[in-house]
Each structure stands twice: as C-alpha cells, then as structure tokens.
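Everything below concerns the one structure shown next.
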Amino acid sequence: MSDLAAFAFGLPKAELHLHLEGTLEPELKFELAARNGIQLAQTSVEEVRATYDFTDLTSFLAVYYPAMEVLQTADDFHDLAWAYLLRAKEQGVVHAEMFFDPQAHTSRVVPFSAVIGGYRRAAVRAQDELGISAELILCFLRDFSAEFAMATLMEALEYKQWIVGVGLDSDERDNPPSKFAAVFARAKSEGFFLTMHCDIDQVGSIDNIGEVLRDIRVDRIDHGTNIVEDPALVALAKERGLGFTCCPVSNSFVTEQMKADEIVTLLREGVRVTVNSDDPAYFGAYVAENYVALAAQAGLDEADLAQLAINSFEASWLTPARRDAYVSAVRDYAAEHGVSLSR
Ligand SMILES: [Zn+2]
1 MSDLAAFAFG
11 LPKAELHLHL
21 EGTLEPELKF
31 ELAARNGIQL
41 AQTSVEEVRA
51 TYDFTDLTSF
61 LAVYYPAMEV
71 LQTADDFHDL
81 AWAYLLRAKE
91 QGVVHAEMFF
101 DPQAHTSRVV
111 PFSAVIGGYR
121 RAAVRAQDEL
131 GISAELILCF
141 LRDFSAEFAM
151 ATLMEALEYK
161 QWIVGVGLDS
171 DERDNPPSKF
181 AAVFARAKSE
191 GFFLTMHCDI
201 DQVGSIDNIG
211 EVLRDIRVDR
221 IDHGTNIVED
231 PALVALAKER
241 GLGFTCCPVS
251 NSFVTEQMKA
261 DEIVTLLREG
271 VRVTVNSDDP
281 AYFGAYVAEN
291 YVALAAQAGL
301 DEADLAQLAI
311 NSFEASWLTP
321 ARRDAYVSAV
331 RDYAAEHGVS
341 LSR
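First residue of the sequence shown? That's 1 in UniProt numbering, and the numbers climb one at a time after it.
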C-alpha cells in the first residue's frame, strides 16, 4: 500500500452515502439464499460478479433490486449491516449515516419491523463493539408513488428515534423532487433531516438541484455535482454550508467517469463535498478506496484527503460537540503525519 493509501485508510472519516442494500457481497448473498431456501440464478461468486457490468443507472438497478430477494428476516438485515460495519471499521469510518430502502422490502411483503429491527440491532452493536456511531436514513424509492412514500413515512414514525433523516433514491428519470414535496415537508415537520439524490447527468439535473435547494430546502444533497453548471446555485450551497455526498467510483460505473473535475472544483471553492462508497459491493470499492481512487485520478495530496474527511463530519448530522471532536481528531491525525492543513 502506498503512503497516500495508508494515510487514506487511517484517516478518521464519516460515511454519509452508503446504501445498506448495496453492501450485499456475493458470498453473503449465497449464505442468505441457503438460509432462506432460495434458489439463485447464478451458482458461483464469479457468476454473480459477472452480472455487475453496468453502463448506466437503469442497468444497475435492474441487477440491484432482484438481488434483495435473499433478505427476508431481521437476522438477515442485521447480518448485512454488520458485514458492512466490519468493512467500514477497516476503512477508518468512525461515524456512518446509512441509507436503507424499506419499500424495496415491504413491496415484497417483508415487514417494516424486520427491516428496521435488524438494521438497528447492527447499529447498536457497532457502537458497543467497534466504536462506530451508526445512524439510519430512510430512503423513499422515487419510482414508486408519492402516496406509497407517505404511507411508509407514517409507518416509520413508530421507530422515529432510530431514524436520523429521510432521503430519496432510485431512478430520477421522470421522478423529479417536486413529486415528493409534501412527503418531505411532513418529514421535516416530524424533525427528520432531509437529503435527496440528485444523480449525475440526468435530464433536468440542474433544474432538480435548484428545486431541491430552493423549494424542498434539503439539509444535504447526494451526488449533485452537476451544480457546477450554475454558479449562483454553487454560491447558495456554499453560503448554506450544504454537504454533497460524492461517490467517485460509483460515478465511473453509471457514467463515463468519476467526475473528479467537478468534485475537485467544488472542493477548491470551499463547498462541503465529501467522498463515499454508495453501493460498494457492486462497484468494488469501499470508502477509503474511493478516497484513494479520487486522489489518483485528480492528483490530490494528504491535505486534500484530510479536508474531505473534515467535510464528512461537518456535513454529518452529528451534534455540534461530537462533530467538532471528530474534526479535531482529523487535524491531530494530519499533524501526526506531518500534513499541514490550509483551511
Ligand atoms: Zn446512492
């Protein structure tokens, strides 16, 4: 491992854009299929990996959703999240705000209580056994109806203390943020933080980003680097200290490139961009590996990576005291490695 890679792995960091369902490694998929008596179409890990050949978001989602059939019980959801948290620990993660997609499970008659019960158990265990604070963000699937999203939000209220915020993911095409304005307004009134996916290079990307910033008034944006096309929106995001959860390796799968230029442009302008793994089992890179890949692509140094880690805490939904403590930990880590931070 290079010095820069070792620095990236050891850097204390928060992961803010991680879909728990996207951490299903082929080995665990087979284990869960056997446990639940499900016959998979593929017979080996290699065959499963061979299906991970995506050209865009739609081709990814076509592989992603069917794989979830192996998730049936609270134990299955626990085991999935726990496997991720063990990997996260190796990658220097000390705080994780993890997306989950209840509708991908309740729509195939798996109870909401099994999904959140299993995930929550892993989150509590992570704090006790790994020293990782782990929170859950409920994501609505934007290709389902607004009514289904609202019903899911109502069902989630019973578990409010286990959920830090709500998000919006899946296929953005023909499913603009405005479709869910009422759902997000209700979620905000219930005290949830708000975030939404603004996927890369979608039709109407910049209009959707404007809507999310000005009308929905989210607390964070997932992806969203098309904002560089509109300097007025960049200025607004900077003024609000809004976080962007970028996923360079994921970008290189669903578009032609990592979008390193956009990420670095925003970083240099002082916008709170962060680096995350999105669906690491499918894109073959966990969070520290995303730091390393972006650094290699864009020529970033240790100080840049430390700034990205500081951004990850500043864009998190931790309390100010805990956020400041983690930022200090990054500064200490940089100083120990002889890295001076400009900002
Ligand atoms: Zn995502």
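We put the CB at the ideal spot given by N, CA and C, even for glycine.
Going by the C-beta, is residue i closer than 6 angstroms to any heavy atom of ligand 1?
i	result
Asp301	no
Asp201	no
Asp128	no
Asp278	yes
DSSP has residue i in a bridge; who is on the other side?
i	result
Ser113	DSSP output for Ser113 lists no bridge partner at all.
Glu15	Ala96
Thr245	Asp222 and Thr274
Asp169	Leu141
Met196	Ile221
Ala134	Ala96
Pro209	At residue 209 the sequence reads Ile, which differs from the Pro that was named. DSSP lists no partner for Ile209.
Ile163	Leu136
Decide if residue i is buried, meaning its Cβ has at least 16 other Cβ atoms within 10 Å, or exposed.
i	result
Glu15	buried
Thr225	buried
Val109	exposed
Gln202	buried
Thr58	exposed
Ala285	buried
Gln103	buried
Gln127	exposed
Leu157	exposed
Gly118	buried
Pro231	exposed
Gln161	exposed
His97	Here residue 97 is Glu; the residue named in the question, His, does not match the sequence. Classification of Glu97: buried, given that the 10 Å Cβ count is 16 or more.
Arg272	buried
Asp167	First, the residue type needs correcting, since residue 167 is Gly and not Asp in the sequence shown. Buried: at least 16 other Cβ atoms inside 10 Å.
Ser250	buried
Gly92	buried
Glu135	buried
Pro12	buried
residue 352	Absent from the structure is residue 352, since the part of the chain shown begins at 1 and ends at 343.
Gly243	buried
Arg240	exposed
residue 386	In the structure as shown, the chain starts at 1 and stops at 343, and residue 386 therefore has no counterpart that could be examined.
Gln307	buried
Pro248	buried
Arg214	exposed
Met154	exposed
Gly191	exposed
Gly165	buried
Arg322	exposed
Any heavy atom of ligand 2 inside 6 angstroms of the beta-carbon of residue i?
i	result
Asp201	Ligand 2 is not part of this structure, which contains only ligand 1.
Looking at the C-beta of residue i, does it have a partner C-beta in chain C at a distance below 7 angstroms?
i	result
Leu233	The question asks about chain C, but that chain is absent: this structure has only one protein chain.
Check whether the stretch 70–85 and the stretch 21–35 touch, using three or more Cβ-Cβ pairs below 8 angstroms as the test. Taking 8 angstroms as the limit for Cβ pairs, the verdict is that the stretch 21–35 does touch the stretch 70–85.
Three or more C-beta pairs under 8 angstroms: does that hold for the stretch 134–154 against the stretch 168–187? Counting Cβ pairs under 8 angstroms, three or more are found: they touch.
With three or more beta-carbon pairs closer than 8 angstroms as the criterion, would you say the stretch 282–298 touches the stretch 8–16? They touch, by the three-pair rule.
Beta strand (DSSP E) segments (min. 3 residues) lying fully within the stretch 52–107: List check, beta strand (DSSP E) in window: 93–100.
Just checking, does the stretch 295–306 make contact with the stretch 78–90 on the three C-beta pairs under 8 angstroms criterion? These segments do not touch.
Whole runs of the alpha helix (DSSP H) within the stretch 298–330, excluding any shorter than 4 residues: Counting only runs of 4 or more, we get 302–314.
How about the stretch 43–54 and the stretch 16–31: do they share at least three Cβ pairs that are nearer than 8 angstroms? Because the criterion of three Cβ pairs below 8 angstroms is met, the stretch 43–54 and the stretch 16–31 touch.
Evaluate the contact criterion for the stretch 202–212 versus the stretch 262–281: three or more CB pairs, one atom per stretch, below 8 angstroms. With the cut-off at 8 angstroms, the stretch 202–212 and the stretch 262–281 do not touch.
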